[in-house]
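Report on the structure given below.
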């Protein structure tokens, strides 16, 4: 984070806190795409992702006072967004009262015809939405967002080994969906 | 014997110890099936790591700005300080330029939010229907009908205002979009008429009440999109306008 970028972020935060909605809109325009993308993938649908985006930015607006400029504004927002997405995922899982172990039947690595072409991004996005809760979040955090299994375990409140197992299940399912 | 799935995945993630890695190397070199699996998993990891960010729907900021405004309005009306926040009206409401109609739209949206609050409980989707044999008391039925009339009045007021804005600014729309808009509005108006006709016959009919409210909501949404479209066109944001237009097209 450069000093210029930090002070610019702090300036926008200060103006937003003073009630300048246009300044907050600038913050939104800079960071919404990354947060919306994370929310869509964690929630598994663009509709839920859009709802989460709204909740996250409303929460950010209310919590701007807690931003001290120690980290980049984008990092602060990403962390807030990630926590909000995780709360959403946990709440939804609690409602469903089960974690996904439903993949056992189709996650073994059966011989599958080899792909001759690279995976199209759009195909992968669609396939991600079809993954069951649990393994989708682990896959997104590990393979897309780049967290290691230890971090994924902490974020999702599961053991490191369970994170591995969920990611591997997701990969097997995706491989089958994308063949 | 094939390596197990943990070993294969760890191999792909380059998380194996050197000795184990050498074992899997040897196996993969001689096993076409495992080689295909490793190639696929590597391709999957590559694709997952290079996914693009998604494009945020244009309406998302409008929703957030509206929510912030509502929250500020609520805080002002209850005189509760909001952690040092001194909110001014959003940019669209502060503008004194030719975008005054946008301010009017925001006011109408606030009016709609008020209308939604009085929506009768029986019309909410999370309210279970009365079990068979459990009659709704006459008082309750009258109360529901009164609340429905109240909600209807709020919707009609908001819709009327949005229609005025949309009609006044419709010259900004190309003829095809304007025609599509009118066609969709006609379909929704027909649904509103049919719901009202059903309610005249049976005022306590929950499906008819729900249908009426749903139709109002649909009409509100269409008109809000129209106002957003005009806004995007005035800003010269063709991509944003195109996205909204695609949402105005008739379904099916």
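Residue numbers (my numbering), protein chains in the order written: chain A, -11 to 167; chain B, 46 to 297.
Backbone N, C-alpha and C define an ideal beta-carbon position, used for all residues, glycine too.
Only a predicted model underlies this, so the values are computations on that prediction, with no experimental measurement involved.
Considering only their Cβ atoms, is the gap separating residue 148(A) from residue 141(A) smaller than 8 Å?
Cβ atoms of residue 141(A) and residue 148(A): closer than 8 Å.
Are there 16 or more other CB atoms within 10 angstroms of the CB of residue 118(A), so buried, or fewer, so exposed?
Exposed is the call here.
Output, in chain order, the set of chain A residues within a Cβ distance shorter than 8 Å of residue 270(B).
Simply none; closest approach about 14 Å.
Taking the alpha helix (DSSP H) that residue 85(B) belongs to, which residues open and close that run?
If you look at residue 85(B), you'll find it in the alpha helix (DSSP H) that goes 77 to 94.
May I have the straight-line CA-CA distance separating residue 219(B) from residue 274(B), to the nearest angstrom?
About 11 Å.
Short of 9 Å Cβ to Cβ, which residues in the region 95 to 113 of chain B face chain A?
Those residues of the region 95 to 113 of chain B that come within reach of chain A (Cβ to Cβ, closer than 9 Å) are 95, 96, 97, 98, 99, 100, 101, 102, 104, 105, 106, 108, 109, 110, 112 and 113.
Any idea if residue 138(A) is buried or exposed, counting beta-carbon neighbours within 10 angstroms, 16 or more meaning buried?
With a 10 Å radius around the Cβ and a threshold of 16 neighbouring Cβ atoms, residue 138(A) comes out exposed.
Comparing C-alpha positions only, which one of -1(A), 166(A), 37(A) and 21(A) sits nearest to residue 114(A)?
When each option's Cα is compared against that of residue 114(A), the closest is 166(A).
Quick check: what's the CA-CA separation for residue 49(A) versus residue 118(B)?
In this structure, the CA atom of residue 49(A) is about 15 Å from the CA atom of residue 118(B).
Does the beta carbon of residue 90(B) come closer than 8 Å to any beta carbon on chain A?
It does; some Cβ of chain A falls within 8 Å.
Just checking my contact of residue 233(B) with residue 267(B) at CB under 8 Å: how many whole Å lie between their CB atoms?
The distance from the Cβ of residue 233(B) to that of residue 267(B) is about 7 Å, consistent with a contact at the 8 Å cut-off.
For residue 4(A), collect the residues of the same chain with a Cβ closer than 8 Å to its Cβ; drop the 5 residues on either side in sequence, then sort them by chain order.
These residues qualify, in order along the chain: 11, 12, 15, 49 and 52.
Where residue 4(A) sits in the DSSP three-state scheme:
Secondary structure at residue 4(A): helix, using DSSP grouped into helix, strand and coil.
Strictly under 8 Å for the Cβ-Cβ distance: is residue 259(B) near chain A by that measure?
No, residue 259(B) does not count as interfacial toward chain A.
Consider the Cβ of residue 245(B): report whether some Cβ of chain A lies at a distance smaller than 8 Å.
Cβ-Cβ to chain A under 8 Å: no for residue 245(B).
Can you confirm whether residue 93(B), when its beta carbon is compared against all beta carbons of chain A, has any partner nearer than 8 Å?
At least one chain A Cβ lies under 8 Å of residue 93(B).
Assigned secondary structure, residue 46(B) (DSSP; H/G/I helix, E/B strand, else coil)
Note: residue 46(B) maps to coil in three-state DSSP.
Own chain, CB closer than 8 Å to residue 82(B), minus 5 neighbours either side, in chain order:
Contacts found: 53.
Mapping the DSSP letters down to three states, classify residue 151(A) as helix, strand or coil.
If DSSP states are grouped into helix, strand and coil, residue 151(A) belongs with the helices.
Establish whether the CB of residue 55(A) and some CB of chain B are separated by less than 8 Å.
No, residue 55(A) lies away from the interface with chain B (no Cβ there is under 8 Å from its Cβ).
Buried versus exposed call for residue 74(B) [16 or more other C-beta atoms within 10 Å across all chains shown]:
Result: exposed.
Cutoff 8 Å: residue 85(B) Cβ touching any chain A Cβ:
Yes, residue 85(B) lies at the interface with chain A (some Cβ there is under 8 Å from its Cβ).
Does residue -3(A) pass the burial test, meaning 16 or more other C-beta atoms within 10 Å, or should it be called exposed?
With 16 or more other Cβ atoms within 10 Å, it is buried.
I need the straight-line Cα distance from residue 150(A) to residue 222(B), nearest angstrom please.
If I take the Cα positions, the gap works out to 52 Å.
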